[in-house]
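Chains as they are written, first to last, in the working numbering: chain A, 66 to 418; chain B, 23 to 207.
Pasting the structure below:
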């Protein structure tokens with residue numbers, strides 16, 4: 066009111082402290098957002114570390130499903146999917162495909178018989194610029210219900226504690242169904258004889274904007290021949306790549322794309338739970354694989370089959386896995402592209418992987 | 023000297039504060055999204071791409087407006103090192119506003135990713151698919167993001183220093199409110 070000193074003569078100390086506090090608070094908020102104060106946060110980096118074997122990851126390769134082989138071909142839509150999704154990929158027509166057969170392993174030189182889970186990465190491109198990427202596997206459901214449980218599974222698998230898996234199974238009983246599948250499902254001698262299941266639920270958006278919760282599968286048109294794990298192992302460590310190369314060299318291989326539509330109330334957030342068998346299934350087209358290429362020189366090597374790369378007309382649902390997979394795949398892609406020296410292309414020789 | 027050219031124009035001030043919000047949001051979204059596997063990763067990534075292109079467009083407009091409208095003069099008694107720091111830091115801020123979205127766009131292009139924004143808007147690829155380019159641009163995008171944030175903290179500190187300690191009207195030249203009695207002279 067009366068005789069405060071004019072502001073110019075006030076000590077700047079208080080102002081300087083205030084400025085320092087503002088800067089410190091900004092930096093702290095940034096560090097918090099980046100997770101530096103949250104050691105328990107599940108980050109893409111932690112998820113990948115949990116995959117890595119004790120002697121470190123295979124540089125330049127995918128951090129999981131590291132062994133695989135490229136293919137190209139065509140997706141031929143029959144028009145039946147148009148009622149569910151406005152994506153151009155379902156309009157009657159043929160759309161080019163790049164993909165990758167693979168199996169779950171962190172070792173690109175692993176013997177084929179060491180893995181129970183085989184997969185397919187798929188990219189379908191449409192003239193409107195739409196790109197649909199998907200990475201599917203052959204079990205009919207996922208081993209666990211949530212990304213956190215998946216991380217716990219990786220940790221338990223790598224643990225030296227003899228009770229680790231037992232404790233994990235106690236906390237995550239859904240793993241038992243997967244164990245039963247892995248123990249009893251027949252082995253097949255060919256990538257061509259496997260079904261590839263998306264497992265995660267997505268939303269198809271039709272022309273009216275209505276959303277339909279779906280899961281998709283690629284069902285093999287080839288006749289499957291069952292065998293035991295022992296008989297499969299006798300075929301050799303690289304049988305799958307050799308066999309699919311020879312087989313597709315003789316004639317193209319086909320899969321039917323089947324879209325299962327959820328009923329209201331079906332769980333979409335948990336890929337460890339199958340939907341009842343009576344749900345509507347729409348066959349929307351067929352995948353034809355007509356060329357196989359070694360991964361080192363093939364068009365699939367540098368593609369991240371991120372399941373959240375979707376055309377207009379397909380969206381993620383409340384299933385938490387596509388986001389977690391996208392985050393982890395991006396990290397894996399960033400790492401392996403930066404390590405490309407360790408996995409050079411060999412165009413001159415064109416050797417098999 | 024008239025009061026009018028002691029301040030940035032209204033358009034410049036609106037652009038400044040709008041971009042301040044966008045860029046801060048962008049940096050926080052960036053460090054947040056690469057450290058999470060939660061479902062929010064997907065909308066954060068879509069927001070990051072869309073906002074990045076919006077910032078690129080705004081930055082181009084802003085530089086054009088600045089070239090046309092100029093800037094208010096710095097106080098005559100501002101020491102030469104501070105004058106130089108002000109000038110260089112502003113060049114760096116403008117360069118980053120343009121470079122960061124282009125690095126991100128180029129990085130996605132070199133990684134073979136489709137660049138899809140909100141509303142399904144798909145941008146063309148601006149670089150060939152290449153491991154080495156992807157790595158180079160990824161590293162630049164990552165490193166410069168932290169440099170950008172550090173520079174913004176410095177910018178905020180300098181602005182507050184002008185407002186609270188020097189009280190020389192520099193802060194007021196960009197602040198809102200009435201252009202009344204900024205004690206420049």
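Beta carbons: idealized from backbone N, C-alpha and C, even for Gly.
Simplified DSSP state of residue i, which is helix, strand or coil
{"i": "residue 72 of chain B", "result": "helix"}
{"i": "residue 204 of chain A", "result": "coil"}
{"i": "residue 39 of chain B", "result": "helix"}
{"i": "residue 355 of chain A", "result": "strand"}
{"i": "residue 289 of chain A", "result": "coil"}
{"i": "residue 278 of chain A", "result": "strand"}
{"i": "residue 31 of chain B", "result": "coil"}
{"i": "residue 406 of chain A", "result": "helix"}
{"i": "residue 44 of chain B", "result": "helix"}
{"i": "residue 135 of chain B", "result": "coil"}
{"i": "residue 204 of chain B", "result": "Confidence at residue 204 of chain B is low in this model, with a pLDDT of 45, below 50, so the placement of that residue should be treated as unreliable; the coordinate-derived value is given next. In the structure shown, residue 204 of chain B sits in coil (DSSP, three-state: anything other than H, G, I, E or B)."}
{"i": "residue 136 of chain A", "result": "strand"}
{"i": "residue 183 of chain A", "result": "strand"}
{"i": "residue 363 of chain A", "result": "coil"}
{"i": "residue 165 of chain A", "result": "strand"}
{"i": "residue 93 of chain B", "result": "coil"}
{"i": "residue 102 of chain B", "result": "helix"}
{"i": "residue 127 of chain B", "result": "helix"}
{"i": "residue 177 of chain A", "result": "helix"}
{"i": "residue 209 of chain A", "result": "coil"}
{"i": "residue 187 of chain B", "result": "helix"}
{"i": "residue 411 of chain A", "result": "coil"}
{"i": "residue 374 of chain A", "result": "coil"}
{"i": "residue 150 of chain A", "result": "coil"}
{"i": "residue 102 of chain A", "result": "coil"}
Residue i classed as buried or exposed, judged by whether at least 16 other C-beta atoms fall within 10 angstroms
{"i": "residue 92 of chain B", "result": "exposed"}
{"i": "residue 371 of chain A", "result": "buried"}
{"i": "residue 113 of chain B", "result": "exposed"}
{"i": "residue 401 of chain A", "result": "buried"}
{"i": "residue 265 of chain A", "result": "buried"}
{"i": "residue 205 of chain B", "result": "Annotation note: pLDDT 46 at residue 205 of chain B (below 50); position unreliable, no value reported."}
{"i": "residue 450 of chain A", "result": "With chain A running from 66 to 418 in the structure shown, residue 450 of chain A is simply not present."}
{"i": "residue 38 of chain B", "result": "exposed"}
{"i": "residue 99 of chain B", "result": "exposed"}
{"i": "residue 101 of chain B", "result": "exposed"}
{"i": "residue 188 of chain A", "result": "buried"}
{"i": "residue 415 of chain A", "result": "In this prediction, residue 415 of chain A scores a pLDDT of 42, lower than 50, which makes its location untrustworthy; no coordinate-derived value is stated."}
{"i": "residue 313 of chain A", "result": "buried"}
{"i": "residue 343 of chain A", "result": "exposed"}
First through last residue of the beta strand (DSSP E) which encompasses residue i
{"i": "residue 220 of chain A", "result": "Per DSSP, residue 220 of chain A belongs to no beta strand (DSSP E); it is in the alpha helix (DSSP H), 212–223."}
{"i": "residue 323 of chain A", "result": "318–326"}
Rounded Cβ spacing between residue i and residue j (contact assumed at less than 8 Å)
{"i": "residue 57 of chain B", "j": "residue 106 of chain A", "result": "7 Å"}
{"i": "residue 279 of chain A", "j": "residue 324 of chain A", "result": "5 Å"}
{"i": "residue 127 of chain B", "j": "residue 106 of chain B", "result": "Not a contact, Cβ separation roughly 32 Å."}
{"i": "residue 301 of chain A", "j": "residue 322 of chain A", "result": "Incorrect: roughly 31 Å between the Cβ atoms, too far for contact."}
{"i": "residue 239 of chain A", "j": "residue 337 of chain A", "result": "4 Å"}
{"i": "residue 159 of chain B", "j": "residue 132 of chain B", "result": "6 Å"}
{"i": "residue 163 of chain B", "j": "residue 122 of chain B", "result": "7 Å"}
{"i": "residue 178 of chain B", "j": "residue 91 of chain A", "result": "7 Å"}
{"i": "residue 373 of chain A", "j": "residue 393 of chain A", "result": "Incorrect: roughly 11 Å between the Cβ atoms, too far for contact."}
{"i": "residue 293 of chain A", "j": "residue 252 of chain A", "result": "7 Å"}
{"i": "residue 119 of chain B", "j": "residue 77 of chain B", "result": "6 Å"}
Extent of the continuous alpha helix (DSSP H) run through residue i
{"i": "residue 399 of chain A", "result": "386–403"}
{"i": "residue 171 of chain A", "result": "Element bounds for residue 171 of chain A: n/a, residue is neither H nor E."}
{"i": "residue 87 of chain A", "result": "78–98"}
{"i": "residue 195 of chain B", "result": "192–196"}
{"i": "residue 60 of chain B", "result": "Taken as a continuous stretch (DSSP letters only), residue 60 of chain B belongs to no alpha helix (DSSP H), as it is neither H nor E."}
{"i": "residue 232 of chain A", "result": "229–236"}
{"i": "residue 174 of chain B", "result": "153–182"}
{"i": "residue 421 of chain A", "result": "In the structure as shown, chain A begins at 66 and stops at 418. Residue 421 of chain A is therefore absent and cannot be evaluated."}
{"i": "residue 114 of chain A", "result": "109–116"}
In DSSP terms, what residue i is bridged to
{"i": "residue 142 of chain A", "result": "A/158 and A/350"}
{"i": "residue 267 of chain A", "result": "A/279 and A/381"}
{"i": "residue 284 of chain A", "result": "A/321"}
{"i": "residue 253 of chain A", "result": "A/291"}
{"i": "residue 196 of chain A", "result": "A/190"}
{"i": "residue 145 of chain B", "result": "B/137"}
{"i": "residue 129 of chain A", "result": "The partner list for residue 129 of chain A (beta bridge, DSSP) is empty, contrary to what the question assumes."}
{"i": "residue 261 of chain A", "result": "A/283"}
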